[in-house]
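Under our numbering, the first residue of the sequence shown is numbered 1031, with each subsequent residue one higher.
Heads up: the structure comes next, in structure tokens.
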Amino acid sequence: MRFPEREITLKDGRTCVLKPTGPEVAAEMIVYMKITAGETEWLLRYPDEVNFTLEGEQDILGKILDDPGHVMMAAIVDGKVAGNASISGIGNKRKILHRCSLAIALYREYWSLGIGRAMIEYLIELAKEIGFSQMDLEVVAENTQAQALYRKCGFIETGRRHNALKFDDGSMHDEILMYRDL
Ligand SMILES: CC(C)(COP(=O)(O)OP(=O)(O)OC[C@H]1O[C@@H](n2cnc3c(N)ncnc32)[C@H](O)[C@@H]1OP(=O)(O)O)[C@@H](O)C(=O)NCCC(=O)NCCS
1031 MRFPEREITL KDGRTCVLKP TGPEVAAEMI VYMKITAGET EWLLRYPDEV
1081 NFTLEGEQDI LGKILDDPGH VMMAAIVDGK VAGNASISGI GNKRKILHRC
1131 SLAIALYREY WSLGIGRAMI EYLIELAKEI GFSQMDLEVV AENTQAQALY
1181 RKCGFIETGR RHNALKFDDG SMHDEILMYR DL
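Structure (structure tokens):
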């Protein structure tokens, strides 16, 4: 979905632009997915599972731009992608049409500057405009930094999925389920 660009001032004084993640940043997005997957254990993919071709990624981002129920938002700092966040409907059956799901990740060097909060606040506005009435997310139980951010943005813990993730080292990790009424 297309939406207006928004400029925010970061905690270090720099300017950040929140804008639709279009096909023009496809190459940057592939690098971003690979690097962020290696910088934290809290994302679903391992770096070797980021296998998008440039054409494939351009196609995906182009389709999302034209999809009125799917928002993909890039945070741009000094002309470069600092992070990405998205909301999408969880399914097209009528009983679940009211729910969307949130995902977000920033390069580590851009953590704790206020980007995450600004992106989620903007996504909440856009989700309401689209007509969703509930935003859901899952977060690894040990990812307390993200949980602190989600709570500040009004999310409430509603459950826990036992052993949702099995890491390559064999360790098992629960997921916390959170939601926010819109
Ligand atoms: C989780 C993530 C998106 C947070 O974004 P961010 O831009 O760093 O967060 P913000 O700077 O907007 O911080 C918002 C709040 O989060 C909390 N927070 C931020 N950094 C924190 C830290 N290092 N430790 C604890 N809480 C922290 C604070 O409560 C902060 O509130 P404040 O604005 O009143 O100070 C980012 O750290 C990230 O990309 N992490 C790796 C990927 C990930 O975990 N994604 C979520 C998967 S579910």
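Quick reminder that beta carbons are idealized off the backbone N, C-alpha and C, glycines included.
Beta-carbon spacing of residue i, residue j below 7 Å
i       : j       : result
Ala1213 : Glu1087 : What the structure shows of the chain is the stretch from 1031 to 1212, and residue 1213 is not part of that stretch, so it cannot be assessed.
Ser1201 : Asp1166 : no
Gly1113 : Tyr1152 : no
Leu1212 : Lys1158 : yes
Thr1051 : Ala1104 : yes
Three-state class that DSSP yields for residue i in the structure shown
i       : result
Thr1066 : helix
Asp1042 : coil
Lys1123 : coil
Asp1199 : coil
Met1031 : coil
Distance cut-off 6 Å: residue i Cβ against heavy atoms of ligand 1
i       : result
Lys1110 : no
Thr1070 : yes
Ser1142 : yes
Lys1182 : yes
Leu1132 : no
Leu1048 : no
Ile1060 : no
Ile1145 : yes
Leu1179 : yes
Host beta strand (DSSP E) of residue i (start-end)
i       : result
Met1202 : Met1202 to Asp1211
Thr1188 : Ile1186 to Lys1196
Lys1110 : Lys1110 to Gly1119
Ser1142 : Ser1142 -> no beta strand (DSSP E), and no H or E assigned at all.
Residue i, enclosing alpha helix (DSSP H) - first and last residue
i       : result
Leu1156 : Ile1145 to Ile1160
Ile1090 : Leu1084 to Leu1095
Ala1178 : Thr1174 to Lys1182
Option nearest residue i by Cα separation, candidates the options
i       : options                               : result
Lys1041 : Asn1081, Glu1187, Leu1195 and Leu1143 : Leu1143
Glu1168 : Phe1197, Thr1039 and Tyr1209          : Tyr1209
Asn1193 : Asp1204, Lys1093 and Ala1178          : Asp1204
Cys1046 : Ile1094, Gly1146 and Phe1033          : Gly1146
Asn1081 : His1128, Ile1206, Glu1035 and Ile1065 : Ile1065
Gly1109 : Tyr1076, Ile1150 and Lys1049          : Lys1049
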